[in-house]
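Numbering (UniProt numbering), first residue to last: 1 to 380. Have a look at the structure below, then the notes.
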């Protein structure tokens with residue numbers, strides 16, 4: 001086993017890490033105050049290929065495999081998490097369904113604009129009545145001639161306020177339950193009957209906008225059916241499974257950043273006539289952070305490799321996401337403790353990470369759902 005990333009991926013990872021620390025982090029307060037990412041930063045991100053990570057080169061993308069994408073996601077995690085959330089929601093669950101299931105016509109129509117960042121993507125499955133219980137969605141899609149008429153409401157949809165394309169899961173055959181769902185490509189900004197609600201006010205991850213998406217007799221061309229009819233739920237689960245590996249990688253990057261900040265602070269901050277790094281209590285917290293980082297990194301690398309090898313990763317993707325997001329929660333808490341009162345102040349990036357990381361244990365499957373998936377797979 002070789003645990004070193006290939007040289008080309010290490011170079012890409014270093015480039016993205018430098019971009020996050022030198023270009024995005026200096027504007028973190030601006031993003032926090034305005035709850036929006038400056039357009040010029042998104043343009044720079046597009047120039048670095050971040051919007052085309054999972055899109056094949058023939059459509060203008062970078063075409064990285066899962067190992068490469070996750071290496072980038074770890075680098076994204078070392079900067080503002082709201083900015084990273086915009087990119088990952090697009091490049092992961094927002095894009096992967098179209099790349100995997102789309103017809104050639106669909107790919108030619110959407111993927112080049114998605115790769116350039118001109119068309120930001122999102123994934124719409126969550127509803128007021130169905131979060132973890134994704135099989136309980138109520139949005140209906142009724143076939144009429146050459147269109148599907150959609151009615152229903154999705155909420156907490158990442159990138160919805162800026163999305164040019166959404167992959168929407170809706171019921172096409174109510175009698176078949178979860179086996180009667182289909183996926184559709186919807187252009188929310190130009191489709192009559194599709195309305196994006198007000199921007200959600202969240203605890204953290206400022207700039208990574210989410211909102212309700214309401215469908216009122218919205219006519220979606222039958223040509224925008226993504227994949228086979230009635231296969232939407234199964235494919236949605238596959239999209240979410242792959243997305244969980246990316247969250248594990250982002251979490252690892254965030255932990256690395258928090259450790260770096262904590263080490264620097266521990267060396268510089270003096271109490272009782274010496275740096276607090278000299279105190280064993282602080283050393284123990286730093287050591288525990290490092291342990292969390294190393295175990296999480298090995299997990300996401302293994303699962304990403306399994307994806308690229310075509311292996312079934314349902315269980316291991318949940319293992320990686322659960323471990324990394326829960327570990328990040330503990331690392332963020334320790335980072336605040338090491339920083340002391342300074343870590344509780346708004347000016348501190350540690351305070352921001354403490355708020356931002358909390359969402360990672362909820363979206364794309366809560367920690368409790370991950371344990372259910374793991375246990376069911378073990379017992380199957």
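Using N, Cα and C, we set each Cβ at its ideal position, and we do this for glycine too.
I'd like the list of long-range same chain contacts for residue 275, defined as Cβ closer than 6 Å, with 5 residues on each side in sequence excluded.
So the qualifying residues of the chain are 267.
Residue 165 - DSSP class collapsed to helix/strand/coil:
Strand.
Can you grab the Cα-Cα spacing for the pair residue 213 / residue 9, in whole Å?
Distance between the alpha carbons of residue 213 and residue 9: 37 Å.
In whole angstroms, give me the CA-to-CA distance for residue 17 and residue 82.
As the crow flies, the alpha-carbon of residue 17 is around 15 Å from that of residue 82.
Looking at residue 219: is its Cβ nearer than 8 Å to the Cβ of residue 168?
Cβ distance not < 8 Å, so residue 219 and residue 168 don't count as in contact.
Touching by the beta-carbon criterion (3+ pairs, under 8 Å), the segment 141-160 and the segment 173-180
They do not touch, by the three-pair rule.
Cut-off 6 Å between Cβ atoms - residues of its own chain near residue 61, not counting five sequence neighbours on either side:
Around residue 61: 52, 55 and 115.
Going by other Cβ atoms of all chains shown within 10 Å of its Cβ, with 16 needed for buried, is residue 291 buried or exposed?
The C-beta of residue 291 has fewer than 16 other C-beta atoms within 10 Å across all chains shown, which makes the residue exposed.
With 16 other Cβ atoms within 10 Å as the buried cut-off, status of residue 349
By the 10 Å Cβ count, residue 349 comes out buried.
Residue environment, residue 228, which counts as buried when at least 16 other CB atoms sit within 10 Å:
Burial is judged here by how many other beta carbons sit within 10 angstroms of a residue's own beta carbon; residue 228 has fewer than 16 and is exposed.
Beta-carbon proximity check, residue 79 vs residue 24, cutoff 8 Å:
Contact: yes.
Within 10 Å of its beta-carbon, does residue 322 have 16 or more other beta-carbons around it, so buried, or fewer, so exposed?
Residue 322 comes out buried.
Mark residue 206 as exposed unless 16 or more other C-beta atoms lie within 10 angstroms of its C-beta, in which case mark it buried.
It counts as buried.
Residue 221 lies in the alpha helix (DSSP H); which residues open and close that run?
DSSP places residue 221 outside any alpha helix (DSSP H); the residue lies instead in the beta strand (DSSP E), whose first and last residues are 210-221.
By how many angstroms is the C-alpha of residue 369 removed from the C-alpha of residue 245?
Here the alpha carbons of residue 369 and residue 245 stand approximately 15 Å from one another.
Report the residue from 35, 76, 293 and 93 whose alpha carbon sits nearest the alpha carbon of residue 124.
With distances taken between Cα atoms, residue 124 lies closest to 93.
Assign residue 366 to one of three DSSP states: helix, strand, or coil.
Here residue 366 sits in coil by DSSP.
Which residue or residues does DSSP assign as beta-bridge partners of residue 283?
In DSSP, residue 283 forms no bridge with anything.
Excluding the 5 residues flanking residue 66 on each side, which residues of the same chain have their C-beta closer than 6 Å to its C-beta?
Taken in chain order, the residues that qualify are 304, 307 and 308.
Per-residue DSSP class, three states only, for residue 309
In this structure, residue 309 counts as coil in the three-state DSSP scheme.
Are at least three pairs of beta-carbons, each pair with one atom in the segment 328-337 and one in the segment 349-365, less than 8 Å apart?
Touching, yes, given that three or more Cβ pairs across the two stretches are closer than 8 Å.
So residue 126 and residue 154 are in contact, right, with Cβ under 8 Å, and what is the actual spacing, rounded?
The pair is a contact, with the Cβ atoms about 6 Å apart (cut-off 8 Å).
Inter-residue Cα distance where the pair is residue 35 and residue 87
Note on geometry: alpha-carbon atoms of residue 35 and residue 87 lie some 15 Å from one another.
Given residue 14, which residues of its chain have a CB within under 8 Å of its CB, disregarding the five upstream and five downstream residues?
Cβ within range, chain order: 75.
With H, G and I counted as helix, E and B as strand and the rest as coil, what does DSSP make of residue 274?
Correct three-state label for residue 274: strand.
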